[in-house]
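Taking this note's numbering, the leading residue of the sequence shown gets 11, the next gets one more, and so forth.
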Amino acid sequence: MTKVIGVRFRTAGKIYYFAPGKFHLKKQDHVIVETARGVEYGQVAVGPMEVKKEEVVQPLKSVIRVATKDDKRREEENRKKEKEAFKLCLEKIREHKLEMKLIDAEYTFDNNKVLFYFIAEGRIDFRELVKDLAAVFKTRIELRQIGVRDETKIRGGIGICGRALCCHTYLSEFSAVSIRMAKEQNLSLNPTKISGVCGRLMCCLTNEQETYEQLNNLLPNVGDFVTTPEGLTGNVHSLSVLRQLVKVIVKLDNDEKEIREYKSTDLIFKPRSKKPKLTKAEIKKLEEVLDEDKP
11 MTKVIGVRFR TAGKIYYFAP GKFHLKKQDH VIVETARGVE YGQVAVGPME VKKEEVVQPL
71 KSVIRVATKD DKRREEENRK KEKEAFKLCL EKIREHKLEM KLIDAEYTFD NNKVLFYFIA
131 EGRIDFRELV KDLAAVFKTR IELRQIGVRD ETKIRGGIGI CGRALCCHTY LSEFSAVSIR
191 MAKEQNLSLN PTKISGVCGR LMCCLTNEQE TYEQLNNLLP NVGDFVTTPE GLTGNVHSLS
251 VLRQLVKVIV KLDNDEKEIR EYKSTDLIFK PRSKKPKLTK AEIKKLEEVL DEDKP
């Protein structure tokens with residue numbers, strides 16, 4: 011077994027694992043570690059834990075030291091310098107008339123590199139821009155193209171629920187989200203209702219997906235034939251997934267029809283298919299606005 015800790019380098023960023031070495035660390039502690047980008051300042055997001063050696067990506071680097079007051083001061087200075095770097099890069103982009111939208115600037119802790127994040131419709135030839143920036147900052151420059159979800163994660167915002175965006179507060183990585191999830195949860199398939207600030211399907215659709223899958227498997231589909239406890243047969247009119255109730259249009263002896271509500275466990279029906287089917291019209295309508303399963 012190997013002892014590791016999980017470290018984040020930005021809010022809701024991906025967690026990377028390091029060996030704590032001789033240091034006694036706990037969550038929220040700040041540490042200095044060596045990464046592929048150089049020496050970085052991070053916060054312990056996952057406290058010390060034992061994992062199997064084969065589960066660790068080698069080589070596992072150790073924590074260099076616990077962050078000191080000087081380290082924290084330097085990190086704060088870097089955050090201030092990033093604002094100036096952002097403004098300068100923005101000016102250079104305008105000078106070169108490049109079709110790109112600058113999102114963020116980031117200094118590595120040791121100032122060995124400055125990273126600029128941007129979005130663009132296609133590929134951008136920014137070689138001349140990099141030369142200009144390198145001449146100004148006297149250090150390595152990296153321009154990284156990101157997607158609209160990454161842009162929203164960096165900038166943050168408020169979702170339609172009225173709370174801070176999940177991706178900006180706690181989601182380390184994006185999960186695959188599909189239109190089928192909205193169908194499974196019986197949500198409106200209106201793109202404006204199920205898309206987030208980024209214009210893609212809302213990440214929170216994954217939060218209750220497992221629960222809805224389990225509950226839906228205990229229910230018939232709308233339109234299915236079922237047999238009621240009284241021995242009557244009818245078609246399913248509507249469902250209450252969370253309450254596990256089914257409204258059925260039953261045919262009475264006098265040929266009249268009536269809607270009655272039953273518990274799903276009281277009905278006899280064929281098990282439903284696990285995956286809800288989307289009509290061609292629904293798929294076409296949604297694909298015009300949303301790119302399914304793309305981060």
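We put the beta carbon where it would ideally sit given N, CA and C, even for glycine.
Being a predicted model, the structure only gives us computed values, none of them experimental.
Just to confirm, are residue i and residue j a CB contact at a threshold of 8 Å?
i    : j    : result
V308 : V41  : Past the boundaries of the shown model lies residue 308; the chain is included only from 11 to 305, so the question cannot be answered.
R18  : G48  : no
I151 : L143 : yes
V54  : K37  : yes
E246 : V260 : Correcting the residue type first, residue 246 is Val in the shown sequence and not Glu. For V246 and V260, no; Cβs fall outside 8 Å.
T149 : L70  : no
V9   : G16  : A query on residue 9 cannot be resolved here, the shown segment of the chain reaching from 11 to 305 and no further.
E194 : N226 : yes
L229 : Q254 : yes
F139 : K102 : Going by the sequence as given, residue 139 is Leu instead of Phe. A contact, by the Cβ cut-off of 8 Å.
L100 : V146 : no
Out of curiosity, what's the CA-to-CA distance linking residue i and residue j?
i    : j    : result
L175 : F128 : 20 Å
L252 : I25  : 34 Å
Y180 : I269 : 45 Å
V124 : Y222 : 45 Å
L199 : F126 : 36 Å
E131 : N217 : 31 Å
V232 : C214 : 25 Å
K273 : V256 : 6 Å
I113 : R133 : 16 Å
E109 : H34  : 49 Å
D234 : D135 : 57 Å
K141 : G172 : 43 Å
H106 : L153 : 15 Å
T21  : Q224 : 33 Å
F28  : K90  : 28 Å
S182 : G23  : 5 Å
N196 : G206 : 18 Å
A115 : S250 : 48 Å
K304 : E266 : Note that K304 has pLDDT 49, beneath the 50 cutoff, so the model's placement of it is unreliable and the number below is only indicative. Near 50 Å, if we compare the C-alpha coordinates of E266 and K304.
E302 : L262 : Note that E302 scores a pLDDT of 46, beneath 50, so its modelled location is shaky; the value from the coordinates is reported in the next line. Each residue's alpha carbon lies about 45 Å from the other.
Q219 : K79  : 45 Å
K111 : G31  : 42 Å
N264 : S248 : 24 Å
T45  : V158 : 26 Å
P281 : V258 : 16 Å
E161 : T275 : 47 Å
D39  : M59  : 15 Å
K63  : I74  : 21 Å
G169 : R137 : 37 Å
T202 : A192 : 13 Å
F279 : V14  : 51 Å
R104 : C177 : 30 Å
S72  : A95  : 31 Å
N88  : Q68  : 30 Å
I'd like to confirm the pairing. Which residues does DSSP put opposite residue i in its beta bridges?
i    : result
T7   : What the structure shows of the chain is the stretch from 11 to 305, and residue 7 is not part of that stretch, so it cannot be assessed.
V260 : G244, E268
R18  : Q53
S250 : L255
T12  : V61
L112 : F128
I278 : T237
I168 : A174
K273 : L255
Between the region 185–205 and the region 158–169, can you find at least three pairs of beta-carbon atoms closer than 8 Å? By the criterion of at least three beta-carbon pairs nearer than 8 Å, the region 158–169 is not in contact with the region 185–205.
The region 204–220 contacting the region 240–251, beta-carbon criterion three pairs below 8 Å: Judged by Cβ distances under 8 Å, the region 204–220 makes no contact with the region 240–251, as fewer than three pairs qualify.
Which ranges would you report for the beta strand (DSSP E) in the region 173–226 if only whole runs of at least 3 residues count? With a minimum length of 3 residues, no continuous beta strand (DSSP E) run stays inside the region 173–226.
Pairs of beta-carbons, one from the region 81–89 and one from the region 111–119, closer than 8 Å: are there three or more? Under the 8 Å Cβ criterion, the region 81–89 counts as touching the region 111–119, having at least three qualifying pairs.
Report the residue ranges of all beta strand (DSSP E) runs contained in full by the region 116–166; include only those spanning at least 3 residues, in chain order. Fully enclosed beta strand (DSSP E) runs of 3 or longer: 123–129, 150–155.
Fully enclosed by the region 26–75, which beta strand (DSSP E) runs are 3 residues long or longer? DSSP runs (the beta strand (DSSP E)) wholly in the region 26–75: 26–28, 40–45, 48–61.
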